[in-house]
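Heads up: the structure comes next, in structure tokens.
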Amino acid sequence: MTAILDPFHSRPIDVHRWSQHPEVGAWVDQLWDEVFKDMQGPRPGPKPKTPFRTQLKILILDIYVAWLEDTELSIGVSMNANAYDTRSRYNALGISKHIIQVIKRLVEAEYLVIAKGSYSGAGAGGNRVTRVRASDRLRALFDRSAVTRDDITRVRTQECVILRGSQDKLVDYEDTDETNRQRGELRAYNLVLANHFIDVSTLEQPQLVTGQDHGRDVIQQISHHHHFIRRVYSRGDWGCNGRFYGGWWQQISSDYRKDILIDDTPTVEVDFKGLHLQLLAAEQGADLPDDPYLLPEGTIPRAPPSLQRTLLKKLVLTALNAADRPSAYRSFRSEWPTGHMGKTLTNEDLKALTDKLLERYHFLRDLVFADQGIRLMNVDSQIAERVHRHFAKQEVVVLSVHDSFIVDYTRVGELRWVLAEASEAVVGRPLPIDRVGVGLDEIDADKREDLKQWRDARVVRCEGYLARKAAWEERVGRTVSPLP
57 MTAILDPFHS RPIDVHRWSQ HPEVGAWVDQ LWDEVFKDMQ GPRPGPKPKT
107 PFRTQLKILI LDIYVAWLED TELSIGVSMN ANAYDTRSRY NALGISKHII
157 QVIKRLVEAE YLVIAKGSYS GAGAGGNRVT RVRASDRLRA LFDRSAVTRD
207 DITRVRTQEC VILRGSQDKL VDYEDTDETN RQRGELRAYN LVLANHFIDV
257 STLEQPQLVT GQDHGRDVIQ QISHHHHFIR RVYSRGDWGC NGRFYGGWWQ
307 QISSDYRKDI LIDDTPTVEV DFKGLHLQLL AAEQGADLPD DPYLLPEGTI
357 PRAPPSLQRT LLKKLVLTAL NAADRPSAYR SFRSEWPTGH MGKTLTNEDL
407 KALTDKLLER YHFLRDLVFA DQGIRLMNVD SQIAERVHRH FAKQEVVVLS
457 VHDSFIVDYT RVGELRWVLA EASEAVVGRP LPIDRVGVGL DEIDADKRED
507 LKQWRDARVV RCEGYLARKA AWEERVGRTV SPLP
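Using our numbering, the letters of the sequence shown correspond one by one to residues 57 to 540.
This is how it looks when you write it as structure tokens:
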């Protein structure tokens with residue numbers, strides 16, 4: 057039985073998988089009869105909220121999804137009984153501590169491969185929970201299967217308003233009118249996303265490498281299975297964070313985002329300019345230039361203008377997020393690869409640059425190194441919420457990337473108007489918006505045909521994309537075509 061060679065190539069277990077496919081039922085029947093015979097029939101003691109058999113099904117479904125995406129991908133599972141709370145709002149299907157016994161039995165029967173967890177002390181880098189994945193024996197069962205990824209869905213009651221506390225732990229909370237409102241609006245937004253075809257038209261395979269983790273490529277899957285949006289608050293505080301996470305478009309570069317099509321229609325991404333700086337300026341009643349990161353050439357010796365702007369922007373954002381100067385400067389240097397100029401800037405260099413920025417923007421003096429970032433994320437999430445609400449009411453897709461938004465190119469003017477209205481409602485004045493890209497609704501009627509032809513000529517629809525579109529159309533029973 058092949059061992060798990062890299063336990064860090066993994067993701068946490070997803071306990072919200074579900075499927076009604078008859079073959080999934082057949083898997084569960086086979087495993088149950090073979091491995092769990094002694095658990096059939098009446099058992100002493102209180103009954104689990106979710107039967108053992110159902111917990112087996114949920115586990116196997118997630119193992120199967122991991123295997124479909126990457127045959128070497130493991131899932132992380134806690135073997136600590138205290139990690140499972142059937143009453144938690146984050147556990148919609150009621151997975152209990154009994155899943156530990158299910159896992160152990162499957163390992164003993166050689167249906168799962170295991171890499172036991174390790175703990176070396178609080179905060180130790182090597183700490184991890186147990187990892188499991190399909191063994192050769194279970195893979196043989198999967199290999200014969202006709203179950204597709206589209207046959208596996210999510211439970212509709214999965215929580216989408218998340219509160220995290222210290223060390224990123226989930227925090228249960230009592231619902232209020234406000235949390236109920238947010239959840240209702242977010243479920244409506246997620247339903248809009250689920251009802252439309254969103255893809256990158258230039259990708260033959262629906263995945264992208266987005267970085268490295270422990271020396272291994274981080275793969276982002278591009279599909280409708282990866283856009284369940286959650287609103288996440290931090291530090292156990294409803295005033296911290298609150299941004300929207302979960303969309304695959306948030307994990308890919310702008311070079312690929314420009315190739316996103318919504319219902320086979322080209323899109324435009326509209327950005328706020330220097331969002332967090334502009335939020336602070338609005339709160340302080342200050343004005344900023346059109347590009348607040350554009351300082352005189354030579355401000356950073358030997359840095360070309362474009363690199364200087366990049367370094368200054370990163371320094372400002374790092375200073376706003378940090379609680380003190382030393383941690384800000386360490387964090388700044390950690391952002392750059394070995395050999396990059398940003399890696400070589402000393403604390404003295406960075407202090408001198410910070411002082412130059414503060415000379416220009418006096419209103420920032422009491423705001424840098426003051427842990428403002430987490431609060432500003434909450435403010436910008438209120439803007440994003442209003443944008444989502446506007447388009448969801450029309451059942452129109454808008455994709456948010458925190459400080460930018462993507463719509464089909466027939467609604468760009470509308471999006472710019474909504475961004476201005478939303479930002480004014482939240483901070484008292486409309487925030488500056490980048491003018492890159494043009495929408496069909498922003499030009500004179502007699503020039504619209506020219507724009508359509510110009511865009512159509514530049515859209516590449518590869519064979520892989522067309523196949524995914526056809527499969528989506530067959531699954532939902534309707535076709536999509538570019539908007540006129």
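In this text, a Cβ means the ideal position worked out from N, Cα and C, and glycines have one as well.
Residues bridged to residue i by DSSP?
i: residue 327; result: 460
i: residue 516; result: The partner list for residue 516 (beta bridge, DSSP) is empty, contrary to what the question assumes.
i: residue 299; result: 288
i: residue 263; result: 277
i: residue 268; result: 273
i: residue 156; result: In the DSSP output, where bridge partners are listed per residue, residue 156 has none listed.
i: residue 426; result: Per DSSP, none; premise fails for residue 426.
i: residue 171; result: 187
Residues in the same chain with beta-carbon distance under 8 Å from residue i, minus the five sequence neighbours each way, listed in chain order, please.
i: residue 86; result: 197
i: residue 380; result: 425
i: residue 248; result: 447, 448, 451, 452, 453
i: residue 499; result: 507
i: residue 335; result: 432, 435, 436, 483, 487
In whole angstroms, what separates the C-alpha of residue i from that of residue j?
i: residue 523; j: residue 279; result: 13 Å
i: residue 443; j: residue 475; result: 7 Å
i: residue 468; j: residue 489; result: 12 Å
i: residue 169; j: residue 81; result: 22 Å
i: residue 254; j: residue 287; result: 20 Å
i: residue 190; j: residue 223; result: 30 Å
i: residue 167; j: residue 194; result: 5 Å
i: residue 70; j: residue 353; result: 50 Å
i: residue 192; j: residue 510; result: 52 Å
i: residue 157; j: residue 60; result: 20 Å
i: residue 41; j: residue 129; result: Outside the modelled stretch of the chain, which goes from 57 to 540, sits residue 41, for which no answer is possible.
i: residue 213; j: residue 127; result: 29 Å
i: residue 111; j: residue 199; result: 22 Å
i: residue 516; j: residue 251; result: 23 Å
i: residue 506; j: residue 118; result: 48 Å
i: residue 543; j: residue 482; result: The first residue shown for the chain is 57 and the last is 540, placing residue 543 beyond what the model contains.
i: residue 246; j: residue 536; result: 19 Å
i: residue 135; j: residue 225; result: 17 Å
i: residue 360; j: residue 231; result: 52 Å
i: residue 512; j: residue 240; result: 37 Å
i: residue 520; j: residue 208; result: 21 Å
i: residue 368; j: residue 477; result: 29 Å
i: residue 518; j: residue 493; result: 23 Å
Looking at residue i: is its Cβ nearer than 8 Å to the Cβ of residue j?
i: residue 461; j: residue 326; result: yes
i: residue 72; j: residue 149; result: yes
i: residue 323; j: residue 463; result: yes
i: residue 292; j: residue 227; result: yes
i: residue 105; j: residue 142; result: yes
i: residue 173; j: residue 185; result: yes
i: residue 459; j: residue 436; result: yes
i: residue 84; j: residue 165; result: no
i: residue 377; j: residue 298; result: no
i: residue 79; j: residue 211; result: no
i: residue 121; j: residue 159; result: no
i: residue 497; j: residue 529; result: no
i: residue 350; j: residue 365; result: yes
i: residue 109; j: residue 88; result: yes
i: residue 140; j: residue 116; result: no
i: residue 275; j: residue 187; result: no
i: residue 316; j: residue 305; result: yes
i: residue 218; j: residue 289; result: yes
i: residue 258; j: residue 307; result: no
Taking 6 Å as the limit between beta carbons, can you name the residues of its chain near residue i, skipping five residues before and five after?
i: residue 480; result: 486
i: residue 302; result: 284, 285, 286
i: residue 215; result: 145, 146
i: residue 538; result: 320, 321
i: residue 221; result: 227, 292
i: residue 206; result: 531
Go through its chain and collect everything with a Cβ distance to residue i's Cβ below 7 Å, but skip five positions before and after it.
i: residue 342; result: 419
i: residue 392; result: 398, 399
i: residue 547; result: For residue 547 there is no data in the structure shown, the boundaries of the chain being 57 and 540.
i: residue 114; result: 71, 73, 149, 151
i: residue 183; result: 174, 175, 176
i: residue 340; result: 419
i: residue 473; result: none
i: residue 244; result: 448
Item to check | Three-pair Cβ contact test at 8 Å for the stretch 396 to 407 versus the stretch 370 to 386 | outcome: yes
Checklist entry - Does the pairing of the stretch 326 to 336 with the stretch 311 to 318 give three or more beta-carbon distances under 8 Å? => result no
Next on the checklist: Taking contact to mean 3 or more Cβ pairs, one atom from each stretch, closer than 8 Å, check whether the stretch 234 to 241 and the stretch 258 to 266 are in contact.
Outcome noted: no
Next on the checklist: Three Cβ pairs or more, each shorter than 8 Å: is that satisfied between the stretch 267 to 277 and the stretch 62 to 71?
Outcome noted: yes
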